[in-house]
Amino acid sequence: MIDLAIVGGGPAGLSAGLYATRGGIKNVVLFEKGAPGGQITGSSEIENYPGVSEIKSGLDFMSPWQEQCFRFGLTHTMSEVVRVEKHGDIFHVIHNQGKGEEVVEAKSVIVTTGGRPRKSGIKGEDEFWGRGVSTCATCDAFFYKKKEVAVLGGGDTALEEAIYLTKFATKVHLIHRRDGFRAAPITVEHAKSNPQINFLVPYAVEEICGDNSGVTGLKIKNLGTNEVSDLNVPVIFEFVGYDVNNHILQQKDGSMLCATNDTGSVVVDLKMRTNVDGLFAAGDIRISAPKQVVCAAGDGAQAALEAIAYLESHA
Numbered sequence: 002m003i004d005l006a007i008v009g010g011g012p013a014g015l016s017a018g019l020y021a022t023r024g025g026i027k028n029v030v031l032f033e034k035g036a037p038g039g040q041i042t043g044s045s046e047i048e049n050y051p052g053v054s055e056i057k058s059g060l061d062f063m064s065p066w067q068e069q070c071f072r073f074g075l076t077h078t079m080s081e082v083v084r085v086e087k088h089g090d091i092f093h094v095i096h097n098q099g100k101g102e103e104v105v106e107a108k109s110v111i112v113t114t115g116g117r118p119r120k121s122g123i124k125g126e127d128e129f130w131g132r133g134v135s136t137c138a139t140c141d142a143f144f145y146k147k148k149e150v151a152v153l154g155g156g157d158t159a160l161e162e163a164i165y166l167t168k169f170a171t172k173v174h175l176i177h178r179r180d181g182f183r184a185a186p187i188t189v190e191h192a193k194s195n196p197q198i199n200f201l202v203p204y205a206v207e208e209i210c211g212d213n214s215g216v217t218g219l220k221i222k223n224l225g226t227n228e229v230s231d232l233n234v235p236v237i238f239e240f241v242g243y244d245v246n247n248h249i250l251q252q253k254d255g256s257m258l259c260a261t262n263d264t265g266s267v268v269v270d271l272k273m274r275t276n277v278d279g280l281f282a283a284g285d286i287r288i289s290a291p292k293q294v295v296c297a298a299g300d301g302a303q304a305a306l307e308a309i310a311y312l313e314s315h316a
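Remember, this note's numbering sits 1 above the position in the sequence shown when you count from 1.
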């Protein structure tokens, strides 16, 4: 039996592993089917992590994290976790290394499986992903100062990020396929009162265009007239939904191991504790996650400290 299982190898999982092992837990296993690092390794530029002044790719940025975390005894099991169950006071981590399902017993578990922005499926999206197609205004707004940008979506996140982008861009073209918005009325009111936001409704993006340098523009369609026109922008920020990777918490009967909200995010308190003793969640899988590397790292550290306290109280 292991003391602590960490499921997920992004910034939250690696930070949890570092703080747990350095904090004295002897038997800590990180379950990650690939190389640790998380989805941030796909980013082309990281320049907003405190203390790291050099602009790095996500892959280069995460590389030293692995060496540092494993230095203190963290073990990496290259395996895909299928499900986490709790039987009495013991957790069963059911995983698969390609030889069928196996069960590892653990005294405590930290889930850091994160999530992923939902893709729109627009032509050109995959080709220019990370090169003018973004899902993070906080990460990328700075690169488009004093330029016109496009935002796709009609929910709270889309409108809130459009408002945020007006601090950097000269104009924000908000594209939504319906006349109405799913966002809260007060958010819609704030967006409509901002003179830098140009509402393109009801419109759809037909294609994302570009060249070797990245996105150069969009082909957009007026859904009322079917007229197709060009919108010359170097970036499109897509906010069409976010899917959390919570499948490992789903039990055989369809229920969830711990409490989740209506979007599937795990409900935790400020100490990253779920409503199940010994089970913690950190990073983008939790409720109200800012979806920033520095925040995920802090979450992981907090979860590890609480796991240490939990194990000491149950020794």
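Note that CB positions come from ideal geometry on N, CA and C, so glycine has one too. Please read these numbers as outputs of a predicted model, since none were measured by experiment.
Beta carbon of residue i nearer than 8 angstroms to that of residue j
i, j, result
"isoleucine 7", "isoleucine 111", "yes"
"glycine 301", "serine 44", "no"
"serine 58", "glutamate 46", "yes"
"isoleucine 288", "serine 314", "no"
"isoleucine 123", "valine 53", "no"
"alanine 298", "proline 51", "no"
"cysteine 234", "glycine 211", "The displayed chain sequence assigns valine, not cysteine, to residue 234. In this structure, glycine 211 does not lie closer than 8 angstroms to valine 234 by Cβ."
"isoleucine 209", "phenylalanine 92", "no"
"leucine 258", "glutamate 126", "no"
"serine 109", "leucine 312", "yes"
"threonine 139", "glutamine 40", "no"
"isoleucine 249", "threonine 114", "yes"
"tyrosine 145", "valine 241", "no"
"isoleucine 309", "glycine 9", "no"
"alanine 107", "leucine 271", "no"
Buried or exposed (CB count within 10 angstroms, at least 16 for buried), residue i
i, result
"arginine 117", "exposed"
"leucine 166", "buried"
"proline 37", "buried"
"arginine 2", "The identity of residue 2 in the sequence shown is methionine, whereas the question assumes arginine. Result: exposed."
"alanine 316", "exposed"
"alanine 260", "exposed"
"histidine 174", "buried"
"arginine 225", "Sequence check: residue 225 is glycine here, not arginine. The residue in question, glycine 225, is exposed, as its Cβ has fewer than 16 Cβ neighbours within 10 Å."
"glutamate 228", "exposed"
"glycine 284", "buried"
"valine 1", "The requested residue 1 does not occur in the structure, where the chain is confined to residues 2 to 316."
"asparagine 247", "buried"
Same chain, Cβ closer than 7 angstroms to residue i, five either side skipped, listed in chain order
i, result
"aspartate 157", "Ala184, Ala185 and Thr188"
"lysine 172", "Glu149, Gln197 and Asn199"
"asparagine 223", "Tyr204"
"asparagine 195", "Ile164 and Thr167"
"threonine 42", "Gly59, Leu60 and Met63"
"tyrosine 243", "Gly116, Pro118 and Arg119"
"lysine 147", "Thr171"
"leucine 232", "Ala151, His174, Gly218, Leu219 and Ile221"
Own chain partners of residue i with C-beta closer than 6 angstroms, once the 5 adjacent residues on each side are dropped
i, result
"arginine 1", "The structure shown does not extend to residue 1, since the chain is modelled only from 2 to 316, so the question has no answer here."
"isoleucine 95", "Val83, Arg84, Glu102 and Val104"
"leucine 160", "Ala184, Thr188 and Ala192"
"valine 269", "Thr275, Ala282 and Arg287"
"alanine 142", "Leu166 and Phe169"
"valine 245", "Gly116, Gly265, Ser266 and Ile286"
"glutamate 239", "Ser121, Thr136 and Leu153"
"cysteine 70", "Leu15, Gly18 and Leu19"
"glutamate 33", "Gly10"
"glutamate 190", "none"
"glycine 279", "Ser109 and Tyr311"
Residues near residue i in its chain [Cβ-Cβ closer than 8 angstroms; skip 5 each side]
i, result
"glycine 74", "Thr22, Lys27 and Val29"
"isoleucine 67", "Per the sequence presented here, residue 67 reads as glutamine, with isoleucine not at that position. These residues qualify, in order along the chain: Leu15, Ala36, Pro37 and Gly38."
"isoleucine 56", "Glu46, Ile47 and Glu48"
"valine 277", "Lys87, Leu258 and Cys259"
Any non-hydrogen atom of the ligand SAH closer than 7 angstroms to residue i Cβ
i, result
"serine 256", "By its list of ligands, the structure shown contains no ligand whatsoever, and the ligand SAH lies outside what it can speak to."
Practice task
Give a yes or no on contact between the stretch 171 to 187 and the stretch 201 to 210, applying the rule of three or more CB pairs nearer than 8 angstroms.
Solution key: By the Cβ test, the stretch 171 to 187 is in contact with the stretch 201 to 210, since at least three Cβ pairs between them sit closer than 8 angstroms.
Exercise for the section: For the stretch 115 to 172, list the alpha helix (DSSP H) runs that are entirely contained and at least 4 residues long, ordered along the chain. Expected result: Taking only runs of at least 4 residues, the alpha helix (DSSP H) segments lying wholly in the stretch 115 to 172 are 138 to 141 and 157 to 166.
Handout entry: the stretch 152 to 168 / the stretch 250 to 262 touching (three or more Cβ pairs under 8 angstroms)
Key = Put simply, the stretch 152 to 168 does not touch the stretch 250 to 262. Fewer than three CB pairs are less than 8 angstroms apart.
Problem - Sufficient close CB pairs (3 or more, under 8 angstroms) joining the stretch 78 to 88 to the stretch 21 to 28 - result: Cβ pair count under 8 angstroms is below three, so no.
Practice task
State whether the stretch 304 to 311 contacts the stretch 7 to 26, with contact taken as three or more CB pairs (one from each stretch) at a distance under 8 angstroms.
Solution key: Contact between the stretch 304 to 311 and the stretch 7 to 26 is present, because at least three Cβ pairs lie under 8 angstroms.
Problem - Within the stretch 222 to 278, ranges of the beta strand (DSSP E) (whole runs, at least 3 residues) - result: Counting whole runs of 3 or more residues, the stretch 222 to 278 contains the beta strand (DSSP E) stretches 229 to 232, 237 to 239 and 243 to 245.
Exercise for the section: At 4 residues or longer, and completely inside the stretch 182 to 223: list those alpha helix (DSSP H) runs for me, N to C. Expected result: Listed in chain order, the complete alpha helix (DSSP H) runs (minimum 4 residues) inside the stretch 182 to 223 are 186 to 193.
Problem - beta strand (DSSP E) runs contained entirely in the stretch 19 to 67, provided each spans 3 or more residues - result: DSSP runs (the beta strand (DSSP E)) wholly in the stretch 19 to 67: 29 to 32.
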